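Taking it in order: structure first as structure tokens, then the write-up.
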Amino acid sequence: MADKGNDPAAMWQSMIGEMEKGFNSFANQAMASPEFSKVMNQAGGVTAGAQKQLGEMMEKYLVSMNLPSREQMVSMAERIQGIEGQLNEIKAMLHQIHHNSLAPEGGHGTSRPPRTKRPPSEGEQK
Amino acid sequence: MNAPAGLDLTSIPERIQSEVQRAIQRSIKGVEYFASSGPSLGSTPKDILAVRGTMNLYHYRPMADEIYRVPILIVMATTNRGYILDLVPGQSFIEFLLKRGYDVYMLDWTAPKPEEKHLGMEDYVLDFIPDCVRRVQQDSGETDVTVIGYCFGGVLSLLYGSIFNDGPMKNLICFTTPIDFREMKLFSNFSDRRYFDVDRLVDSVGNVPPEMILSSFEMLRPASRAVGQVHLWENIWNDEYVKAYRMMDRWGTDTLPLAGEYFRTTTKDLMWDNKLYNGTMTVGGRAADIADIKVPILHAVAEHDHIVPYDAARHLIAKVGSSDKEEVMLKGGHVSVVAGANAIKRLWPKLDNWLGKRST
């Protein structure tokens, strides 16, 4: 077998690994500068403002086309989530009822294993 | 011509054959990759105990015949889904805990809705966590609860433990939890108060979109995503590699938006004023100084964590008021320290060994 120093696949892997490290390190140095923060946040601020304006324009356009807007779709999704939430609550209540029905009066969770476990002694540790 | 030193010419046909086979496998598996949806994650049997807005409380069904007295509540990071701790059978931290005899609950988060943009730090620390702790007490019938927090879930757990320092938290375990936010150098620079107008951002977008959170994580290692795809292509013949890649990739890109007010407080109080480190943090008007935490605490940090560098996490153990406290540094990165093959060998047994004797 070829040793790792002459194995083309290993050399390729190693080269990729080094490139990744080098690029990440270079980018991290560049991103640590205050100038980067300034430029990034200026661009981000412009994008957030533009997104908001575009969203408002689209909303008007969709209303004029008699199409549901994002807000209406979100509202629909929320109603579905609300229904899902209520189903989950019902499920949780059923679970609780089932849990209580298996427990003796005043008891907790006897359908579950007893809470008596002790840690293994040092010799038993895996 | 002589062969270069170390190169065995007789192995060349064997290597060519192996590479040709892999190339064929890549083509076949490559098609399979795009045609399939990947492994099913988070499938350990559980019951949903409560859903309230962004808060979800699960109880995992016990897998041992006998369990420890003290139940565990896992508090997940607000930016990511909890199934990172419940990948697939054999690689699930939850399953590991259940099989070792722990009673496990998880506080997991879903995306806050647009009208939940007002949720602030006080909702998380003074409402959601205490509510889940109460429900765990009620469901388990036990007063004591062990809390485990991952990343920012650790920060929330520290804040909770600082304020509710007279109980019922019995033990606290933090995974890769930052407290000195000056040392999160790049995040600190991205949110430089001279250039980052957090008020303008939150006021214009409401909840901070997941794309923005994901981009800021990816910017910490900008080449890694592309290189990851190169490695995927090279190893696409290897089912185990592809399975692991898909699990991590799916989770990594499944980022949650952050509630606007919560993000505003995180930026101002933690990133800018470093209040957790300085001991000046307040939540809803209540002092939250980690020196007030007195319960046994274990902090697991990762040697190669690029998200929470060690310098951002290392003061936690020194600053808490507990006498029973331990920091353990393990090989791995921010995610691989808690999930995947590394974690199975390193963190999980360490945690079991530490927690078992404190759970009776």
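Just so you know, the sequences run in chain order A and B. Sequential numbering from 1 applies to the first sequence in our numbering. Sequential numbering from 1 applies to the second sequence in our numbering. Think of the CB as a built atom: it goes at the ideal place given N, C-alpha and C, for glycine as much as any other residue. Just so we're clear, the structure is a prediction, and the values are computed from it rather than from any experiment.
Taking the continuous alpha helix (DSSP H) assigned at residue i, which residues delimit it?
{"i": "His315 (chain B)", "result": "His315 to Lys319"}
{"i": "His231 (chain B)", "result": "Ser224 to Glu234"}
{"i": "Leu186 (chain B)", "result": "Lys185 to Phe190"}
{"i": "Val136 (chain B)", "result": "Ile129 to Ser140"}
{"i": "Leu347 (chain B)", "result": "Leu347 to Gly356"}
{"i": "Val88 (chain B)", "result": "Val88 (chain B) -> no alpha helix (DSSP H), and no H or E assigned at all."}
{"i": "Leu98 (chain B)", "result": "Phe93 to Lys99"}
{"i": "Ala9 (chain A)", "result": "Pro8 to Met31"}
Check the DSSP bridge columns for residue i and list the partner residues they point to.
{"i": "Trp109 (chain B)", "result": "B:Met55"}
{"i": "His299 (chain B)", "result": "B:Cys174 and B:Glu327"}
{"i": "Arg286 (chain B)", "result": "B:Val283"}
{"i": "Tyr150 (chain B)", "result": "B:Phe175"}
{"i": "Val208 (chain B)", "result": "B:Leu258"}
{"i": "Val145 (chain B)", "result": "B:Met169"}
{"i": "Lys46 (chain B)", "result": "B:Tyr60"}
{"i": "Val104 (chain B)", "result": "B:Ile72"}
{"i": "Asn80 (chain B)", "result": "B:Thr255"}
For my contact list, residue i and residue j are in at a C-beta cut-off of 8 Å; report their separation, rounded to the angstrom.
{"i": "Glu78 (chain A)", "j": "Lys113 (chain B)", "result": "6 Å"}
{"i": "Arg115 (chain A)", "j": "Tyr68 (chain B)", "result": "7 Å"}
{"i": "His299 (chain B)", "j": "Leu316 (chain B)", "result": "5 Å"}
{"i": "Ala339 (chain B)", "j": "Leu41 (chain B)", "result": "No, Ala339 (chain B) and Leu41 (chain B) are not in contact; Cβ-Cβ is about 11 Å, not under 8 Å."}
{"i": "Trp251 (chain B)", "j": "Tyr83 (chain B)", "result": "7 Å"}
{"i": "Met76 (chain B)", "j": "Asp108 (chain B)", "result": "5 Å"}
{"i": "Arg246 (chain B)", "j": "Pro13 (chain B)", "result": "Their Cβ separation, rounded to whole angstroms, is 34 Å, which puts Arg246 (chain B) and Pro13 (chain B) out of contact at 8 Å."}
{"i": "Val208 (chain B)", "j": "Gly260 (chain B)", "result": "7 Å"}
{"i": "His306 (chain B)", "j": "Gly333 (chain B)", "result": "7 Å"}
{"i": "Asn80 (chain B)", "j": "Thr255 (chain B)", "result": "6 Å"}
Would you report the Cα separation of residue i and residue j, rounded to the nearest angstrom?
{"i": "Val147 (chain B)", "j": "Leu172 (chain B)", "result": "5 Å"}
{"i": "Phe36 (chain A)", "j": "Asp144 (chain B)", "result": "48 Å"}
{"i": "Pro309 (chain B)", "j": "Pro178 (chain B)", "result": "8 Å"}
{"i": "Asp324 (chain B)", "j": "Glu59 (chain A)", "result": "58 Å"}
{"i": "Leu220 (chain B)", "j": "Arg52 (chain B)", "result": "33 Å"}
{"i": "Asp180 (chain B)", "j": "Ser204 (chain B)", "result": "29 Å"}
{"i": "Ser224 (chain B)", "j": "Leu258 (chain B)", "result": "24 Å"}
{"i": "Arg346 (chain B)", "j": "Val337 (chain B)", "result": "8 Å"}
{"i": "Tyr58 (chain B)", "j": "Gly153 (chain B)", "result": "16 Å"}
{"i": "Ile297 (chain B)", "j": "Ser33 (chain A)", "result": "37 Å"}
{"i": "Val320 (chain B)", "j": "Thr176 (chain B)", "result": "15 Å"}
{"i": "Gln137 (chain B)", "j": "Ser92 (chain B)", "result": "24 Å"}
{"i": "Gly107 (chain A)", "j": "Asp249 (chain B)", "result": "For Gly107 (chain A), the predicted model reports a pLDDT of 47, less than 50, meaning its position is unreliable; a value from the coordinates is still stated below. Cα to Cα, the separation comes out at about 44 Å."}
{"i": "Ala27 (chain A)", "j": "Leu330 (chain B)", "result": "26 Å"}
{"i": "His98 (chain A)", "j": "Ser18 (chain B)", "result": "57 Å"}
{"i": "Val104 (chain B)", "j": "Ile293 (chain B)", "result": "23 Å"}
{"i": "Arg264 (chain B)", "j": "Lys243 (chain B)", "result": "37 Å"}
{"i": "Asp199 (chain B)", "j": "Leu355 (chain B)", "result": "42 Å"}
{"i": "Pro120 (chain A)", "j": "Gly22 (chain A)", "result": "47 Å"}
{"i": "Tyr262 (chain B)", "j": "Gly120 (chain B)", "result": "4 Å"}
{"i": "Leu351 (chain B)", "j": "Ser11 (chain B)", "result": "46 Å"}
{"i": "Thr360 (chain B)", "j": "Ser162 (chain B)", "result": "23 Å"}
{"i": "Met31 (chain A)", "j": "Ile24 (chain B)", "result": "41 Å"}
{"i": "Asn41 (chain A)", "j": "Gly206 (chain B)", "result": "17 Å"}
{"i": "Ser43 (chain B)", "j": "Gln29 (chain A)", "result": "41 Å"}
{"i": "Met73 (chain A)", "j": "Gly55 (chain A)", "result": "14 Å"}
{"i": "Gly17 (chain A)", "j": "Ala302 (chain B)", "result": "20 Å"}
{"i": "Val70 (chain B)", "j": "Gly228 (chain B)", "result": "41 Å"}
Find the residues of chain D that neighbour residue i, judging by a C-beta separation of less than 7 Å, and give them in chain order.
{"i": "Val147 (chain B)", "result": "Among the protein chains in the structure shown, which are A and B, there is no chain D."}
Start and end of the beta strand (DSSP E) containing residue i?
{"i": "Leu276 (chain B)", "result": "Here Leu276 (chain B) belongs to no beta strand (DSSP E); instead the alpha helix (DSSP H) covers Lys275 to Asn278."}
{"i": "Leu41 (chain B)", "result": "No beta strand (DSSP E) contains Leu41 (chain B), which DSSP labels as neither H nor E."}
{"i": "Val242 (chain B)", "result": "Element bounds for Val242 (chain B): not the beta strand (DSSP E) but the alpha helix (DSSP H), Asp239 to Thr253."}
{"i": "Ile74 (chain B)", "result": "Ile72 to Val75"}
Check whether the segment 88–100 of chain B touches the segment 118–137 of chain B, taking contact to mean three or more Cβ pairs, one atom from each stretch, closer than 8 Å. no
At least three beta-carbon pairs within less than 8 Å, the segment 151–167 of chain B to the segment 269–288 of chain B: yes
For the pair the segment 187–195 of chain B and the segment 266–277 of chain B, tell me if three or more CB-CB distances fall below 8 Å. yes
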